[in-house]
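Data first, discussion second: the structure below is written as structure tokens.
Residue numbers (the numbering used here): 231 to 419.
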């Protein structure tokens with residue numbers, strides 16, 4: 231059973247300021263549905279921006295100098311536009327990302343390594359109550375693998391993501407990310 235009408239009305243009146251303060255931070259539209267017995271009933275729904283066009287380009291290139299040495303690069307550019315309105319809809323993604331990499335592999339020594347530079351441009355973000363700008367950042371990743379000569383099917387791989395410890399945030403409201411070093415041993419059957 232629910233509250234009687236007087237208690238329900240008093241409870242709703244007491245809670246309304248708290249709810250309004252919370253909902254004021256969220257970009258929502260207000261809809262009052264038709265055909266309901268309570269004309270104050272509302273729906274909180276995401277805002278519809280209409281027609282959104284998103285375009286971009288992704289490029290990737292690899293060049294193998296010889297059996298041991300290779301180079302690679304990636305590029306991603308995007309652009310968005312909301313047609314017929316001056317409103318801006320954040321894509322929650324950077325408009326420009328790029329990377330360059332160098333890969334080395336020496337099968338005779340059982341050694342492989344990769345160094346990768348990554349860049350992400352700044353971008354505005356809006357996801358529910360999380361709003362703000364993500365600053366641009368650049369990272370250096372490094373990985374080195376070695377096949378163990380005394381166990382032919384085993385390999386040790388050490389990887390460092392963000393080797394230079396460029397502390398950054400990739401999503402508003404998410405924790406900052408620093409250096410991450412992992413090691414693994416694999417064995418192929």
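The beta-carbon is built from N, C-alpha and C at its ideal position, and this holds for glycine as well.
Is the distance from the Cβ of residue i to the Cβ of residue j below 8 Å?
i	j	result
residue 374	residue 413	no
residue 327	residue 349	yes
residue 353	residue 331	no
residue 321	residue 304	no
residue 372	residue 347	no
residue 351	residue 324	yes
For residue i, list the residues DSSP reports as bridge partners.
i	result
residue 411	390
residue 304	290 and 329
residue 371	346
residue 281	Residue 281 pairs with nothing; no bridge assigned.
residue 322	BP columns for residue 322 are empty, so no partner.
residue 416	385
residue 336	341
residue 355	362
residue 234	Looking at the DSSP assignment, residue 234 forms no beta bridge with any residue, so it has no partner.
residue 309	285
residue 299	334
Can you tell me the Cβ-Cβ gap for residue i and residue j, rounded? I've got them flagged as a contact below 8 Å.
i	j	result
residue 411	residue 390	5 Å
residue 334	residue 292	About 14 Å separates the two Cβ atoms, so there is no contact after all.
residue 383	residue 415	Rounded, the Cβ-Cβ distance is 11 Å, inconsistent with contact.
residue 392	residue 408	6 Å
Task: Sequence ranges, beta strand (DSSP E) only - wholly within the region 379-403, length at least 3 - done: 384-391
Open item on the list: Does the structure place the region 329-345 close enough to the region 354-368 that three or more beta carbon pairs sit under 8 Å?
Closed with: no
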